[in-house]
Amino acid sequence: MQTKTLIVPLSNNRSYPIYIGENLLQNPDIFADFVTNKNKSKNKKIMIVTNTTIENIYLNTLQNTLAKITPKENIFATILPDGENYKNWETLQKIFDNLLANFFDRKSLIIALGGGVIGDMTGFAAACFQRGVDFLQIPTTLLSQVDSSVGGKTAINHPLGKNMIGAFYQPKAVFADIKTLQTLPKREISAGLAEILKYGFINDAPFLEFFTSENFAKIFDNNADVLSEIIYKSCQNKADIVAKDETESSDKNLRALLNFGHTFGHAIETYFGYGTYLHGEAVAIGTMMAAEFSQNLGFITPKEVAKIQTLLNQAKLPTALDKKVNANDLYKLMFHDKKVQNGTLNFVLLKNLGEAFVYKLNSAEENSTLIIKSIEKFIQ
Ligand code: NAD
Ligand code: GLY
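Anchor point for the sequence shown: position 76 equals 90 in the working numbering, and the numbering is continuous, going up by one each time.
So this is what it looks like as structure tokens:
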């Protein structure tokens, strides 16, 4: 399969490529431009940040590949514990400790090798270290290949809210190696599909037609052509939106549309503790709640809500909470979400299947009964 390239178009010379292909981790040529300095007078120090799981599967391969284009002694690694629970200050500090202990400077390069947790933390470390150093994303989960590695949102969690501390900081390039998905548990493939289907729900109805039973089967079978197609389409959708509203600040609230299902989803993650439901699973359940709320307000039809549920179920995602929870408590947690501005909460809702918009609630009371009803419907 030929490697596909997509550009995220940004201002001020910050545009960057996303490479989607097989065996990229074994390909020194694809990394060459990013690991050597322009004048080649001095080799960059490289810090690969990964976790204990990926270390055992892919770290050696990447180190050996990089060693073909830069001296081995320039390549360092920081191994973090694995899990959303560790996406916090304490873990972030380990990256800074290792960079400083090894005399990294502003010309160094940091590489995120892993899923969205590693990508978000490494990106934030790169944004902060010496006020910003170059970084590359090598996403190894489906979710990170189609969403978190693209667009420059970086963050860590706080016990009071997810991704509450972070920065917008773009990578220099993204390398999505489809082969890495072969070792990914199927539950994580499903989690990635939640974000992939999201692009169809909010922006690209024709994309949803691709998700036939046959193609779902091929996805779970690791079919490279089908995976590369859905990763490419997803990155294209995301790059288009990010190019128009990089920092989620346009009047049209364009980038905010990517948060469809996430206001409910983040509350679910915070309520149950990070990691109980995978991020993609929480988003899938949140998607149902947001779709139901859209329908309760008279926007989409029950048939469209049912179609969303069918697609999520075909992706083997949960569409209801199977654990005990009080809908009111979840509702209160949503007001800690980043989308709360001056006490108003922005919900991303669907006008039609394939068209999202931002719906502003002006107080915690407005439409609370309808929201709580939409949550309750998806508690088993
Ligand atoms: P993750 O990073 O926790 O990875 C999931 C699990 O898979 C981990 O145990 C990881 O070690 C393991 N893993 C990763 N790659 C593997 C591989 N190839 N083979 C075997 N195991 C592998 O989870 P995720 O779903 O990738 O990312 C979720 C995170 O991404 C959340 O923290 C979420 O907030 C964040 N996110 C960020 C953005 C953004 O725009 N920055 C967007 C969406 C999600
Ligand atoms: N995942 C939401 C965003 O990147 O804006």
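Quick reminder that beta carbons are idealized off the backbone N, C-alpha and C, glycines included. None of the values given here were measured: they were computed from a predicted structure.
Leaving aside the five residues that flank Y285 on each side, the residues in its chain whose CB is nearer than 8 angstroms to its CB run, in chain order, V339, D343, L344, L347. The alpha-carbon separation between H280 and P85 amounts to approximately 43 angstroms. Proximity to C249 across N65, T290, L272 peaks at L272, based on C-alpha coordinates. From the listed residues Q309, G300, E318, N360, the smallest Cα separation to P332 is found for G300.
Relative to Y373, the option among L363, E379, N381 whose CA is nearest is L363. At a cut-off of 8 angstroms, the beta-carbon of L198 counts as near ligand 1: some heavy atom of the ligand is closer than that. For G214, no beta strand (DSSP E) run applies; the uninterrupted alpha helix (DSSP H) run containing it begins and ends at 200-217, by DSSP.
By alpha-carbon distance to L174, the top candidate from E379, K200, F349 is F349. The C-beta distance from E306 to L367 rounds to 14 angstroms, too long to fall under 8 angstroms, and the pair is not in contact. Comparing alpha-carbon positions, the option among I132, I389, T358, T226 lying closest to N376 turns out to be T358.
Counting C-beta atoms within 10 angstroms of its own C-beta, F48 has 16 or more neighbours from the protein chains shown and is therefore classed as buried. For L94, the three-state secondary structure derived from DSSP is strand.
Between A140 and the set I170, T155, V160, T154, the nearest pair of CA atoms involves I170. Remark: C-beta atoms of V188 and Y30 approach each other more closely than 9 angstroms.
Taking N229 as the centre and dropping the five residues before and after it, the same chain places the C-beta of V240 closer than 7 angstroms to its C-beta, in chain order. The continuous beta strand (DSSP E) containing L20 extends over residues 18-22. For K101, the shortest separation between its Cβ and any heavy atom of ligand 1 lies below 8 angstroms. Rounded to whole angstroms, N78 and I62 show a C-alpha spacing of 12 angstroms.
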